[in-house]
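K.L.:
So that we are looking at the same thing, I have put the structure below in structure tokens.
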Amino acid sequence: MALKYKRILLKLSGEALAGEKGFGLDYSVITNICKSIKECADLGAQIAIVVGGGNFWRGRSSGAMDRTRADHIGMLGTTMNALAVADVLEELGVDVRVQTAIAMQEVAEPYIRNRAVRHLEKGRIVIFGCGTGNPFFSTDTASSLRAAEIEADVIFKATMVDGIYDKDPHKYADAVKFDELTFSDVLAKGLQVMDSTAASMCKDNNISILVFNLNDPQNIVKAAQGETVGTIVTA
Ligand SMILES: Nc1ncnc2c1ncn2[C@@H]1O[C@H](COP(=O)(O)OP(=O)(O)OP(=O)(O)O)[C@@H](O)[C@H]1O
Ligand SMILES: O=c1ccn([C@@H]2O[C@H](COP(=O)(O)O)[C@@H](O)[C@H]2O)c(=O)[nH]1
1 MALKYKRILL KLSGEALAGE KGFGLDYSVI TNICKSIKEC ADLGAQIAIV
51 VGGGNFWRGR SSGAMDRTRA DHIGMLGTTM NALAVADVLE ELGVDVRVQT
101 AIAMQEVAEP YIRNRAVRHL EKGRIVIFGC GTGNPFFSTD TASSLRAAEI
151 EADVIFKATM VDGIYDKDPH KYADAVKFDE LTFSDVLAKG LQVMDSTAAS
201 MCKDNNISIL VFNLNDPQNI VKAAQGETVG TIVTA
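Be aware that the sequence shown starts at 1, since it is given in full-length UniProt numbering, and climbs by one per residue.
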């Protein structure tokens, strides 16, 4: 089947990378995810990835620690995930480059927009570490920022839920799923599946987000081919 989207910004949930352990990295889970990413790339998709950090650390729920310091730790966590995903993709024979928003040049390339685009054009997968590089932001906001910069056709938010509900389905058994929403709906209803900064940025830049479950990594391929998975949010 042909691709619906050519250039995709894939946001991988950090929490999902931990598998059933709930913390750290589960390599069998990551390998399955990376196989689907490779399948998508082999179909001709240009794929840039932002990885969350929820399997290690979230600044906003770190307790009494100074928020800026807590967020620095969070951004380093996202980079550990970026390196782990890069390693598994390379094992599968995929060309990958990691770029970080906070310079650590012995470890990864610094984020340079034009260079990232060039990698994509050459068929390499680019993984963005350290989110936006700024505290008080999230990897969802980093996804919307990078998607706008690289002119991605869409953002895939591959996460722990199979779409957006009227309330958190992990807390409420009677939550009802939406098939389609606008960013104005997400903001007006206060839906917590993504933060409001990310939603506003996508709205302002006319970038759609498809939210779907990463428990079945084949959803990445299905989504790229335009099959109905999860919830689509449009401007
Ligand atoms: N209205 C809602 N619909 C769907 N999920 C919701 C909603 N409100 C809150 N959530 C929660 O949002 C979570 C997904 O977003 P969250 O930011 O927590 O994780 P993530 O961005 O996927 O990655 P990470 O684990 O790296 O932080 C879901 O697991 C779900 O519990
Ligand atoms: O631009 C950013 C992105 C992330 N952080 C910090 O990293 C953690 C993990 O990211 P999640 O989006 O929650 O998965 C986040 O909680 C922040 O502490 C950041 O500071 N800036």
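C-beta atoms are modelled at their ideal positions from N, C-alpha and C, and glycine is treated no differently.
Since this is a predicted model, take the numbers as computed values, not measurements.
(1) Between which two residues does the alpha helix (DSSP H) carrying L120 extend?
(2) Where T139 and A175 are concerned, what is the direct C-alpha to C-alpha distance, given to the nearest angstrom?
(3) Report yes if the C-beta of K21 is less than 7 Å from at least one heavy atom of ligand 1; otherwise report no.
(4) Tell me the DSSP secondary structure of A158 in three-state form.
(5) Compare the beta carbon distance of F56 and G14 with 8 Å and say whether it is the shorter of the two.
(6) Closer than 5 Å between the C-beta and any heavy atom of ligand 1: which residues qualify, listed along the chain?
(7) Between the beta-carbon of F183 and the beta-carbon of A235, is there less than 8 Å?
(8) If you draw a straight line from the alpha carbon of Y165 to that of E227, how long is it in whole angstroms?
(9) Can you tell me where the beta strand (DSSP E) with A48 in it begins and where it stops?
(10) Closest to K171 by C-alpha separation, out of R113, A158, V193, would be which residue?
(11) Are there any heavy atoms of ligand 4 lying less than 7 Å away from the beta-carbon of S138, as far as the coordinates show?
(12) Pick out whichever of C34, N215, E151 has its Cα sitting closest to the Cα of R7.
(13) Excluding five sequence neighbours on each side, which residues of the same chain lie with their C-beta closer than 8 Å to the C-beta of V161?
(14) Alpha carbon to alpha carbon, how far is N81 from L25? Give it in angstroms, no decimals.
(15) Give the range of the beta strand (DSSP E) segment to which V192 is assigned.
(16) Using only the heavy atoms of ligand 2, determine whether one of them is closer than 7 Å to the beta carbon of G63.
(17) Using only CA atoms, which one of S36, D87, S196 lies nearest to L10?
(18) Looking at ligand 2, does it come within less than 7 Å of R115, judged from the CB to the closest heavy atom?
(19) Name the DSSP beta bridge partners of I37, please?
(20) Could you tell me whether the stretch 106–113 touches the stretch 33–53, using the rule of 3 or more Cβ pairs below 8 Å?
(21) My output table needs one value for Q99: the three-state DSSP class, helix, strand or coil.
(22) To the nearest angstrom, how far is the alpha carbon of G163 from that of L181?
P.N.:
According to the data block:
(1) 113–121
(2) 25 Å
(3) no
(4) When secondary structure is reduced to three states using DSSP, A158 falls in the strand class.
(5) yes
(6) Cβ atoms closer than 5 Å to ligand 1 belong to S13, G14, E15, G52, G54, T159, M160, V161, I164, Y165, D168, H170, L191, Q192, V193.
(7) yes
(8) The straight-line gap from Cα to Cα measures roughly 19 Å.
(9) For A48, the uninterrupted beta strand (DSSP E) segment begins and ends at 46–51.
(10) The residue among R113, A158, V193 with its C-alpha nearest the C-alpha of K171 is V193.
(11) As far as ligands go, the structure on display features ligand 1 and ligand 2 and does not contain ligand 4.
(12) E151
(13) P169, H170, V193, V211, N213
(14) When rounded, the distance between both Cα atoms is 8 Å.
(15) What sits at residue 192 in the sequence shown is Gln, not Val. That residue, Q192, is in no beta strand (DSSP E); it is neither H nor E in DSSP.
(16) no
(17) Just measuring C-alpha positions, the residue of S36, D87, S196 sitting nearest L10 is S36.
(18) no
(19) Answer by DSSP bridge pairing: none, since I37 is not bridged.
(20) The answer is no - the stretch 33–53 does not touch the stretch 106–113, with fewer than three Cβ pairs under 8 Å.
(21) For Q99, the three-state secondary structure derived from DSSP is strand.
(22) 11 Å
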